[in-house]
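In this note's numbering, the protein residues as written are 35 to 145.
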Amino acid sequence: MEVIETDSNLPSIKMSVDIKIPHSTGQFIYQANDIWFECNEWDIFTQSINYFSVESDARAILRNMSEFFAISVFVEKGMLSFSFRSEEIYAGQGKSSISFQCIIDDDILGH
């Protein structure tokens, strides 16, 4: 994720998102360059992650302003995990969606 623009009228940030999910026959790629988050939501998300401990379950969720995109980092049963989901309602003539969840391990952090 990369910050592209900020808006001080409604404290918010515009970010680009690039997620690659490898699988056995290739990869899924999600790219977007117009995802807006309220600054307050971003602050809560990042602060929540700072207080994670593998001893207790916890979850930090970041949703964009339209709530069609969300990232979650969480600890469950001592395992650090990541998930995201996205819906695009105006994609062509219909609706597209993708969701993904995985445990964050050394292999994931190395990419």
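C-beta: ideal position from N, C-alpha, C; glycine also.
No experiment lies behind these values; they were computed from the predicted model shown.
Give the single residue among the options whose Cα lies nearest to the Cα of residue i.
i      : options                              : result
Phe-86 : Gly-128, Gly-112 and Ser-46          : Gly-112
Ile-63 : Gln-127, Phe-118, Asp-41 and Leu-114 : Phe-118
With C-beta atoms as the reference, is residue i less than 8 Å away from residue j?
i       : j       : result
Ala-104 : Leu-96  : yes
Asp-139 : Glu-110 : no
Phe-79  : Met-49  : no
Asp-52  : Gln-65  : yes
Asn-84  : Pro-45  : no
Which of helix, strand or coil does DSSP assign to residue i?
i       : result
Ser-42  : coil
Ile-138 : coil
Given 7 Å as the limit, tell me if residue i has its C-beta closer than that to any heavy atom belonging to the ligand PLP.
i       : result
Ala-104 : The model depicted lacks the ligand PLP and carries no ligand whatsoever.
Using C-beta distances below 6 Å, list every residue in its chain close to residue i, excluding the 5 sequence neighbours before and after it, in chain order.
i      : result
Met-35 : Met-49 and Val-51
Runs of alpha helix (DSSP H) lying entirely within the region 47–122, each at least 4 residues, in chain order: Correct list: 73–84.
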